[in-house]
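Here is the structure we will look at, set down as structure tokens.
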Amino acid sequence: MSYQPVCFLYKPTNASGEHTRKHRSLSDLSLSLYHTHFHTDKHDNSVRRLAMVIKLEKTLSTSMNARIIGSGKETLVLAHGYGGDQSVWNKLLPALTQTYQVVVFDWSFSGAIKDPNTLFDPAKYCCYDAFSDDLTDLLEELNLDSTVFVGHSMSGMIGCIASIKKPHLFKRLVLIGSSPRYVNSECYEGGFDIKDIEQLFSNIESNYDGWSSVFPSLVIDKNDSESVKSFEKCLKRMKPDIGLSTAKTVFLSDHCDILEKIVIPCTIVQTTNDMVVPFSVVEYMKQMIKGESTVEMIDTVGHFPQLTAPLKLLEILDRVVN
Numbered sequence: 006m007s008y009q010p011v012c013f014l015y016k017p018t019n020a021s022g023e024h025t026r027k028h029r030s031l032s033d034l035s036l037s038l039y040h041t042h043f044h045t046d047k048h049d050n051s052v053r054r055l056a057m058v059i060k061l062e063k064t065l066s067t068s069m070n071a072r073i074i075g076s077g078k079e080t081l082v083l084a085h086g087y088g089g090d091q092s093v094w095n096k097l098l099p100a101l102t103q104t105y106q107v108v109v110f111d112w113s114f115s116g117a118i119k120d121p122n123t124l125f126d127p128a129k130y131c132c133y134d135a136f137s138d139d140l141t142d143l144l145e146e147l148n149l150d151s152t153v154f155v156g157h158s159m160s161g162m163i164g165c166i167a168s169i170k171k172p173h174l175f176k177r178l179v180l181i182g183s184s185p186r187y188v189n190s191e192c193y194e195g196g197f198d199i200k201d202i203e204q205l206f207s208n209i210e211s212n213y214d215g216w217s218s219v220f221p222s223l224v225i226d227k228n229d230s231e232s233v234k235s236f237e238k239c240l241k242r243m244k245p246d247i248g249l250s251t252a253k254t255v256f257l258s259d260h261c262d263i264l265e266k267i268v269i270p271c272t273i274v275q276t277t278n279d280m281v282v283p284f285s286v287v288e289y290m291k292q293m294i295k296g297e298s299t300v301e302m303i304d305t306v307g308h309f310p311q312l313t314a315p316l317k318l319l320e321i322l323d324r325v326v327n
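The numbering of the sequence shown is the working numbering, which starts it at 6 and goes up by one.
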């Protein structure tokens, strides 16, 4: 009896027969045919195939719904914040994809992750380190480096941590409404007392549906009903237990100590009326970041300029990249 192992790797091709990589949907899977054996019976000299197992290897880019859209010399990576998903960038994409190659994706906590969500593990994602590893792994899987990383809210600090670990992946960091610490202390104004944070957790835990209906109008200009409803839809898609776990990770985080380790040039983008991140945080970040840093202000109300002031944010991104 003899065995001959056979292994194939399937790679998607386009109409020309060329292998597709970037600029196409990243939802394709790597098909690995393994443990394929051919059995030769020495008694009757017949050959029978004993088994063929098709293994679907789900890549990180597939799990995180990653897409590469547009084309250009520069690559922009857009990372959403707490409670959101990649749809928060929809108002920017038509313009950005005309000039740049743009990467969008959903973090593991997002309600846009397909059920069952096997990607999110509360023990693993109890700090930003795990998110930063996902980010660097994703960029490496997509064969990208020297990217312009645009991180909103919590993603800003995740990008900072990732840039310290693997600086070659990043050319510039654009930090929109980001904060290294949300809780006030004697020598630091983060915007919230610990009792406010604890009340936030209590509201999420006791009545997630009610909280997710109210919270959007607190962080987005309530006069912009379209944007409020857009973020509310994202929040309601997120599972309550994942929402609470991630909220604790975000609002109890303290990454002030990493700012002096950031050497990648940074652009800090801040709205004139952000109820989540006070301007004192912006001043602190600019002072503490070791690398070159500049501040860009957007005259709008709320924590989501990509929703409420997309044209102004586009102007800043074009200026930063070019």
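For glycine and all other residues, C-beta sits at the position ideal for the given N, C-alpha and C.
- As the crow flies, the alpha-carbon of K317 is around 19 angstroms from that of G161.
- DSSP lists T152 as the beta-bridge partner residues of F175.
- Of the candidates L240, L97, G75, G75 places its Cα closest to the Cα of Q103.
- Excluding five sequence positions before and after D111, the CB atoms of its chain that fall closer than 7 angstroms to its own CB belong to M69, N70, D90, Q91, A117, I118, given in chain order.
- Partner residues in the beta bridge of S298, as assigned by DSSP, are C271.
- Residue environment: R177 is assigned as buried (16 or more neighbouring CB atoms within 10 Å of its CB, all protein chains considered).
- With respect to the 7 angstroms criterion, L81 and L143 are not classified as neighbours on the basis of their beta carbons.
- Sequence-distant Cβ neighbours of K266 in its own chain, meaning closer than 7 angstroms and more than five residues away, are I169, K295.
- Restricted to the stretch 103–129, not a single alpha helix (DSSP H) segment is unbroken, complete and at least 4 residues in length.
- Boundaries for A100: no beta strand (DSSP E) harbours it, while the alpha helix (DSSP H) harbouring it runs 98–101, taken from the DSSP string.
- Just measuring C-alpha positions, the residue of K63, L83, I73, D201 sitting nearest L322 is L83.
- Listed as beta-bridge partners of H308 by DSSP are no residues whatsoever.
- The C-beta separation of L174 from D150 comes to about 5 angstroms, placing the pair in contact by the 8 angstroms criterion.
- Nearest Cα to I303 within the set C271, M290, D279: D279.
- Ranked by Cα distance from C132, the first of T123, A167, Y105, H308 is A167.
- Scanning R186, I209, R72, S232 for the CA closest to the CA of V282 turns up R186.
- DSSP places V82 in the strand class (E or B) of the three-state scheme.
- In this structure the stretch 246–266 lies against the stretch 189–202, because at least three pairs of beta carbons, one per stretch, are closer than 8 angstroms.
- The stretch 197–217 makes contact with the stretch 236–254: 3 or more CB pairs, one atom from each, lie closer than 8 angstroms.
- The beta carbon of S235 sits closer than 8 angstroms to the beta carbons of S92, V93, L312 from its chain, once the five residues preceding and following it are set aside; these are given in chain order.
- The three-state secondary structure of L147, taken from DSSP, is coil.
- Taking all protein chains in view, the Cβ of I199 is surrounded by fewer than 16 other Cβ atoms within 10 Å, so the residue is classified as exposed.
- DSSP places R242 in the uninterrupted alpha helix (DSSP H) bounded by 230–242.
- With 16 or more other Cβ atoms inside 10 Å of its own Cβ, G182 counts as buried.
- Under DSSP, D259 forms a beta bridge with R186.
- Per DSSP, the beta-bridge partners of I303 are T276.
- The continuous alpha helix (DSSP H) containing I199 extends over residues 199–211.
- Its Cα nearest to that of V179, the residue E301 stands out among E301, K244, E145.
- DSSP places Y193 within a strand segment (E or B) once states are collapsed to three.
- I74: member of the beta strand (DSSP E) spanning 72–74, first to last residue.
- Restricting attention to L124, M293, Y130, V268, the CA atom closest to the CA of K63 is found in L124.
- In this structure, E288 is the residue among V306, E288, G307 with its C-alpha nearest to the C-alpha of S298.
- CA-to-CA, the gap between V153 and E79 works out to about 8 angstroms.
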